[in-house]
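Undergrad: Structure below; questions to follow.
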Amino acid sequence: MKREKSIFTNSRLYPQSYEAHESFLKYLLLTVEKPYRFLFKKNEDKIIIEDIQCMNDIIDKIDKKCARISLELESYSTIPKLIEILSKYYYTTDYSNFDLPYLGIGAKSALCYLYGNISTGTGSANSKVFQFIEYCMLKESLIGLKNLIIIHPEEVIELTCYGALLSDRLRVIAIDLSSVNKSEHRGLRLGKYGADLFLNKHSDFLRSVINVINTRNNSIPDIFKKTPFEYIPFHVETKDFWIKSYLYLKLLVFIASVRKSIEDSDYIGVVILNDCAMILNELNIPLIEKDLQRLNMTFFWQRPWFKKRIGNWNSNMINERPIVRIDNNSKGLYATSVTIVCDSFNWFLESSVLNYSEKSAGVNLPQGIFQNAVSNKFEEDVISFLKEHDFRAGKVSENATWFVETPTKLTNINNEKIPGEIDCLAVKNGTVLLIECKVLTDGVDENKIRNLSSKLNEDDQELFFYKQESKFNWLMNTVEFRNNYDFIKIILLDKKHLARVSDTHIVLTFDELKEMVS
Numbered sequence: 004m005k006r007e008k009s010i011f012t013n014s015r016l017y018p019q020s021y022e023a024h025e026s027f028l029k030y031l032l033l034t035v036e037k038p039y040r041f042l043f044k045k046n047e048d049k050i051i052i053e054d055i056q057c058m059n060d061i062i063d064k065i066d067k068k069c070a071r072i073s074l075e076l077e078s079y080s081t082i083p084k085l086i087e088i089l090s091k092y093y094y095t096t097d098y099s100n101f102d103l104p105y106l107g108i109g110a111k112s113a114l115c116y117l118y119g120n121i122s123t124g125t126g127s128a129n130s131k132v133f134q135f136i137e138y139c140m141l142k143e144s145l146i147g148l149k150n151l152i153i154i155h156p157e158e159v160i161e162l163t164c165y166g167a168l169l170s171d172r173l174r175v176i177a178i179d180l181s182s183v184n185k186s187e188h189r190g191l192r193l194g195k196y197g198a199d200l201f202l203n204k205h206s207d208f209l210r211s212v213i214n215v216i217n218t219r220n221n222s223i224p225d226i227f228k229k230t231p232f233e234y235i236p237f238h239v240e241t242k243d244f245w246i247k248s249y250l251y252l253k254l255l256v257f258i259a260s261v262r263k264s265i266e267d268s269d270y271i272g273v274v275i276l277n278d279c280a281m282i283l284n285e286l287n288i289p290l291i292e293k294d295l296q297r298l299n300m301t302f303f304w305q306r307p308w309f310k311k312r313i314g315n316w317n318s319n320m321i322n323e324r325p326i327v328r329i330d331n332n333s334k335g336l337y338a339t340s341v342t343i344v345c346d347s348f349n350w351f352l353e354s355s356v357l358n359y360s361e362k363s364a365g366v367n368l369p370q371g372i373f374q375n376a377v378s379n380k381f382e383e384d385v386i387s388f389l390k391e392h393d394f395r396a397g398k399v400s401e402n403a404t405w406f407v408e409t410p411t412k413l414t415n416i417n418n419e420k421i422p423g424e425i426d427c428l429a430v431k432n433g434t435v436l437l438i439e440c441k442v443l444t445d446g447v448d449e450n451k452i453r454n455l456s457s458k459l460n461e462d463d464q465e466l467f468f469y470k471q472e473s474k475f476n477w478l479m480n481t482v483e484f485r486n487n488y489d490f491i492k493i494i495l496l497d498k499k500h501l502a503r504v505s506d507t508h509i510v511l512t513f514d515e516l517k518e519m520v521s
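Numbers 4 to 521, taken from this note's numbering, label the letters of the sequence shown in order.
Below, the structure written as structure tokens:
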């Protein structure tokens, strides 16, 4: 084994991991048609799920089975295999023939079991690893079905070894959920401004980040125009964001160079490293050393973090910290990949700018950054799209000015004050679209799914529909809109969410609005 600057270029883990990926494809050909087969005893052909408790009992049994198998496996060889399979699943077409939306998050969940038992197992046979992944996939799939029951507790789900039998209503939600699971790794909201932009313009991107940190002023380089970075000047409240962005980019460059030295034609695969913390510390930027060291360590899976973090949305832990330790020796070996670091950078950007509560990845940024970089941008994109489709469209301000080609002051015949801004008011051929744009945090556990549902269904916890109705009533009493218009009131979301939405109000995603208008 050859060691160069903490790089294991000839490690047997590389061919073992690739061989595991190839063998796993063959394994799936034999098992993919019966994803729930491990649930059934001999001569048992179906399981009826009538409530959440019934589903929780099944999930607990599968969870214990996953934990038992992980105790038998050697983390040193198994974690690299999982990362190889993860990277190939999300960034190649190798798995596209399999309808397995939970494969990716199942493999991510498997990493958590293995890291938790890092010093116990000795098994390394691929057949055992594949069975382990299959059990983790099954658990994540059952959690997905449980989320459907949370949204529609009145529904009954029937399980067979071939899959779940769902009502038409649940099937629609399940299809949406499957689509999200297959693509969640890319950072759906801001990924195009993070790793995607860096991979296209990596030298300019990195140089620009360095320039922002070194100059420490509010001047934002041109490469960041029309991206969230444009709204994040360097100062004391944003310092951590810029330093960690720099570290992500340096790590990406380094990991890509390592992978290239191993397999020149295939950058999508596992990378094995030693002394990663020291590699990240070799930086030549005039920063406060303690800040640099503190942020360095947020890339690595560590015991204190793991014990505090485990138990809630485990499949996202590899997005939050992209470098996983694979052994328990004093020096330590680590595994990651270019694609996993890319996904982690995207998640860091998104969770920081959108102020997600899961702060183990993102850093706290001033609320105004979310408003300018995301919320206002979403409204502007909606207005621009409708204008492109021949609508007169614009925002209505708190002083009742409708910002169209020629700003128009709307006049209420009762002299009532407008009950708040209107995100988008659009008119075409006698039809008026009254649109309120919402950027909401995803539901990732029972409480958050219920909370999100209560905002979007008849409970109207955040008064979205009530406030929109008040604005509609005000508009109906304006000189401009009181006659001969058909109103369509829309609560518009920037993306799909796992939530129960209103049956009596219109709740759409931007993509659905585009389909409706085009």
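Even for Gly, the Cβ is constructed at its ideal location relative to N, Cα and C.
1. Going by alpha carbons, who is nearest to residue 254 out of 343, 178, 472, 266?
2. Would you list the one or two residues that DSSP bridges to residue 397?
3. What does the alpha-carbon distance come out to for the pair residue 292 and residue 107?
4. Nearest CA to the CA of residue 406: which residue from 395, 359, 273?
5. Where DSSP assigns a beta bridge to residue 163, which residues make up the other side?
6. Judging by CA-CA distance, which residue of 302, 235, 104 is the nearest neighbour of residue 377?
7. Provide the residue(s) that pair with residue 490 in DSSP beta bridges, ordered along the chain.
8. Just reading off the alpha helix (DSSP H) that residue 322 is part of, what are its end residues?
9. Alpha helix (DSSP H) containing residue 522: first to last residue?
10. Going by DSSP in three states, residue 303 sits in which element: helix, strand or coil?
11. Can you check whether the CB of residue 399 is closer than 8 Å to the CB of residue 425?
12. Using C-beta distances below 7 Å, list every residue in its chain close to residue 430, excluding the 5 sequence neighbours before and after it, in chain order.
13. Please confirm if residue 126 has its CB atom under 8 Å from at least one CB of chain D.
14. May I ask which residues mark the beginning and end of the beta strand (DSSP E) holding residue 276?
15. Any idea what DSSP makes of residue 15, helix, strand or coil?
16. Quick check: the Cα distance between residue 29 and residue 36, rounded to an integer number of angstroms?
17. Could you tell me the distance, in whole angstroms, from the CA atom of residue 441 to the CA atom of residue 127?
18. In whole angstroms, what separates the C-alpha of residue 2 from that of residue 455?
19. Closest to residue 259 by CA distance: which of 63, 314, 201, 335 is it?
20. Quick check on the burial criterion: 16 or more other C-beta atoms within 10 angstroms. Buried or exposed for residue 44?
21. Can you give me the C-alpha to C-alpha distance between residue 163 and residue 444, rounded to a whole angstrom?
22. Using only the alpha-carbon positions, how far apart do residue 466 and residue 509 sit?
23. Distance check for residue 327 and residue 218, CA to CA, integer angstroms please.
24. Could you round the C-beta distance between residue 105 and residue 147 to whole angstroms and report it? I think they count as a contact, below 8 Å.
25. Could you name the residues of the same chain whose beta carbon sits closer than 6 Å to that of residue 330, not counting the 5 residues immediately before and after it, in chain order?
26. Out of 413, 273, 341, which one is the CA nearest neighbour of residue 3?
27. Give me the Cα-Cα distance between residue 458 and residue 505, rounded to the nearest whole angstrom.
28. Which partner residues does residue 405 have in the DSSP bridge list?
29. Looking at C-alpha atoms only, which residue of 246, 179, 34 is the closest neighbour of residue 237?
TA: According to the structure shown:
1. 343
2. 428
3. 37 Å
4. 395
5. For residue 163, the beta-bridge partners assigned by DSSP are 166.
6. 235
7. According to DSSP, which records beta bridges pairwise, residue 490 is partnered with 435.
8. Counting along the chain, the unbroken alpha helix (DSSP H) around residue 322 starts and ends at 320-323.
9. In the structure displayed, the chain extends from 4 to 521; residue 522 sits before or after that span and is not available.
10. Looking at residue 303 - three-state DSSP - the assignment turns out to be strand.
11. yes
12. 394, 395
13. Absence of chain D from the displayed structure is noted, only one protein chain being present.
14. Start and end: 273-277.
15. In the structure shown, the three-state DSSP call for residue 15 is coil.
16. 13 Å
17. When the Cα atoms are used, residue 441 and residue 127 turn out to be separated by approximately 48 Å.
18. Look at the range of the chain in this structure, 4 to 521, and you will see that residue 2 is not part of it.
19. The residue with the shortest Cα to Cα distance from residue 259 is 201.
20. Residue environment analysis places residue 44 among the exposed positions, since fewer than 16 neighbouring C-beta atoms fall within 10 angstroms of its C-beta.
21. 33 Å
22. 14 Å
23. 34 Å
24. For a cut-off of 8 Å, the C-beta gap from residue 105 to residue 147 is around 7 Å, short enough to register as a contact.
25. 79, 336
26. The structure shown has nothing for residue 3, since the chain only spans 4 to 521.
27. Residue 458 and residue 505 have their C-alpha atoms spaced approximately 9 Å apart.
28. 399, 411
29. When only C-alpha atoms are compared, the closest one is 246.
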